[in-house]
Amino acid sequence: MIPLQAVAMGFVAAGALAVVLSRDLVRLTMLSSLYALTLVVLFLVFQAPDVALSELVVGAVGFPLAIVVAIVLERGR
Amino acid sequence: MTRQARIGLFAVSAAGLAALMLWGASGLPSFGHYRGPYGQIVNHVAPSERHVTNVVTAVVFDYRGVDTLGEEFILFAAAMGVALLLREVRDPRARRNDRVSSDAVRLAGVGFAAGLFVLGLSVVAHGPITPGGGFQGGVVLASAFALVYLAGDYRSYRKLTPSFGIDLAKGTGLGVFTVVGIVSLLLGTAYLHNFGPLGTAGTLASGGTISILNIATGLEVMAAFVLLFTEFLEELAVTRAPR
Numbered sequence: 001m002i003p004l005q006a007v008a009m010g011f012v013a014a015g016a017l018a019v020v021l022s023r024d025l026v027r028l029t030m031l032s033s034l035y036a037l038t039l040v041v042l043f044l045v046f047q048a049p050d051v052a053l054s055e056l057v058v059g060a061v062g063f064p065l066a067i068v069v070a071i072v073l074e075r076g077r
Numbered sequence: 078m079t080r081q082a083r084i085g086l087f088a089v090s091a092a093g094l095a096a097l098m099l100w101g102a103s104g105l106p107s108f109g110h111y112r113g114p115y116g117q118i119v120n121h122v123a124p125s126e127r128h129v130t131n132v133v134t135a136v137v138f139d140y141r142g143v144d145t146l147g148e149e150f151i152l153f154a155a156a157m158g159v160a161l162l163l164r165e166v167r168d169p170r171a172r173r174n175d176r177v178s179s180d181a182v183r184l185a186g187v188g189f190a191a192g193l194f195v196l197g198l199s200v201v202a203h204g205p206i207t208p209g210g211g212f213q214g215g216v217v218l219a220s221a222f223a224l225v226y227l228a229g230d231y232r233s234y235r236k237l238t239p240s241f242g243i244d245l246a247k248g249t250g251l252g253v254f255t256v257v258g259i260v261s262l263l264l265g266t267a268y269l270h271n272f273g274p275l276g277t278a279g280t281l282a283s284g285g286t287i288s289i290l291n292i293a294t295g296l297e298v299m300a301a302f303v304l305l306f307t308e309f310l311e312e313l314a315v316t317r318a319p320r
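Heads up: the sequence lines are chains A and B, in that order.
Residue 1 is where the first sequence starts when you use our numbering, and the numbers rise one by one after that.
Residue 78 is where the second sequence starts when you use our numbering, and the numbers rise one by one after that.
This is the structure:
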């Protein structure tokens, strides 16, 4: 494993821990988006650009949108 | 169970899980030493056999095209399910809120949305050549529409995404995929067997039916995600009449 890959893995581990430890829902959404971004970097570093692109579009667009809408609806109630 | 007992139980099981995972990870082949035979064969065969330079696209839209058709149907059904569930509870007399943002935000948003749309088209079009393809590009295209809502307002978003057009795009994408498969059956080959002119590897029109299926998937994924966005955003932008 080259150092770059180790660094990318470290970021993913830190991101996952941050997602698990956050309690506020809005913060959780932003953190999980950032976590998806660290995964994108990991996939890119491990030479899987196709998977990286898929993770990018799902993690940065699809998932946060559904969560944000759910939070807004819950707060409006 | 007391707090101390729970922490003790967690510590024991976490240590066990960590040991198992470390043991499993230590037996993995090192990076770059893939042991399965199929990846090597496909990497070797696809560029000359299908004239594409992105082998992932060749696998997705050709060698395992039927699996991809199944996935398209899953996405189609999931988007339809969301639409059915959310539309049912909606009141047609409800009022549409438009929170109009400042001119600067609108201008920047429109610029970004246009750029994002072109990027999405490029990612779809280059599917057989470079990483990316119908699925990824389709979501990028859909997010360009979502950006119009975020930076602009709900009314502009709906004007750009009329329900009829979205339904048409969604049905056309899936329909083309299915029909291409039937055509290859009529030609006397297996379902979704590549029959198109293969073209020159490394150009936009290469890969025969891979190109067609890639674009059809882009259309279907874009429409499915726009439909999902519309249903979710409608929940935000529409105030329901009090019951």
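Heads up, the beta-carbon is just placed ideally off N, CA and C, and yes, glycines get one too.
The three-state secondary structure of Val315/B, taken from DSSP, is strand. Taking 8 Å as the Cβ-Cβ cut-off, the region 43-56 of chain A approaches chain B at Phe46, Pro49, Asp50, Ala52, Leu53, Ser54 and Leu56, given in chain order. Below 8 Å, too few C-beta pairs join the region 235-248 of chain B and the region 90-101 of chain B to call them touching: fewer than three.
About 12 Å separates the beta carbons of Arg141/B and Asn271/B, which is beyond the 8 Å limit, so they are not a contact pair.
Considering only beta carbons, the part of the region 204-235 of chain B lying closer than 9 Å to chain A consists of Thr207, Pro208, Gly209, Gly210, Phe212, Gln213, Gly214, Gly215, Val216, Val217, Ala219, Ser220 and Ala223, in chain order.
Taking the Cα of Ala48/A as reference, the smallest distance to any Cα among Gly276/B, Pro124/B and Asn131/B is reached at Asn131/B. In this structure, DSSP gives His270/B a state outside helix and strand, which the three-state scheme calls coil. Chain A places no beta carbon closer than 8 Å to that of Glu126/B, leaving this residue out of the contacts. Counting only the Cα atoms, Gly295/B lies some 10 Å from Val217/B. Residues of the region 126-147 of chain B that bring their beta carbon within less than 7 Å of a beta carbon in chain A comprise Val133, in sequence order.
At a beta-carbon threshold of 8 Å, the residues of chain A lying near Phe108/B are Met1, Gln5 and Phe46, ordered along the chain. Listed in chain order, the non-local C-beta contacts of Leu227/B below 6 Å within the same chain number zero, local neighbours out to five positions each way being set aside. At least one CB of chain B lies nearer than 8 Å to the CB of Gly62/A. Runs of the alpha helix (DSSP H) lying entirely within the region 94-167 of chain B, each at least 4 residues long, are 114-127, 132-135 and 142-165 in chain order. Residue range Leu25 to Val45 is occupied by the alpha helix (DSSP H) that includes Thr29/A. Phe302/B sits away from Gly229/B, with the two beta carbons spaced by 8 Å or more.
Contact between Val57/A and Gln213/B holds: their C-beta atoms lie close to 5 Å from each other, under 8 Å. Under the three-state reduction of DSSP output, Pro49/A falls in the helix class. Interface with chain B (8 Å Cβ-Cβ cutoff): Leu73/A is included. For Glu312/B, at least one C-beta of chain A is nearer than 8 Å to its own C-beta.
With a cut-off of 8 Å on Cβ pairs, the region 252-260 of chain B is in contact with the region 284-292 of chain B, counting three or more such pairs. Residue environment: Thr280/B is assigned as exposed (fewer than 16 neighbouring CB atoms within 10 Å of its CB, all protein chains considered). DSSP places Pro3/A in the uninterrupted alpha helix (DSSP H) bounded by Pro3 to Leu21.
Under the three-state reduction of DSSP output, Met78/B falls in the coil class, being neither helix nor strand.
With a cutoff of 8 Å on beta-carbon distance, Phe153/B and Thr145/B are scored as not near each other.
The beta carbons of Gly15/A and Thr38/A sit about 4 Å from each other, so the pair counts as a contact at 8 Å. Excluding residues up to 5 positions away in sequence, Leu218 and Ala221 lie with their Cβ nearer than 7 Å to the Cβ of Phe194/B in the same chain.
The beta carbon of Ile243/B sits closer than 6 Å to the beta carbons of Ala300, Val303 and Leu304 from its chain, once the five residues preceding and following it are set aside; these are given in chain order. Between Ala135/B and Val129/B, the C-beta spacing is below 8 Å.
Cα atoms of Gln117/B and Ala267/B: separation of roughly 24 Å, rounded to the nearest angstrom.
Ser22/A sits away from Phe63/A, with the two beta carbons spaced by 8 Å or more.
With a contact defined as Cβ atoms closer than 8 Å, Tyr231/B and Leu310/B qualify at about 7 Å. Here Asp180/B carries a helix assignment [DSSP, helix/strand/coil].
A residue is called buried when at least 16 other Cβ atoms come within 10 angstroms of its Cβ; Val298/B meets this threshold and is buried.
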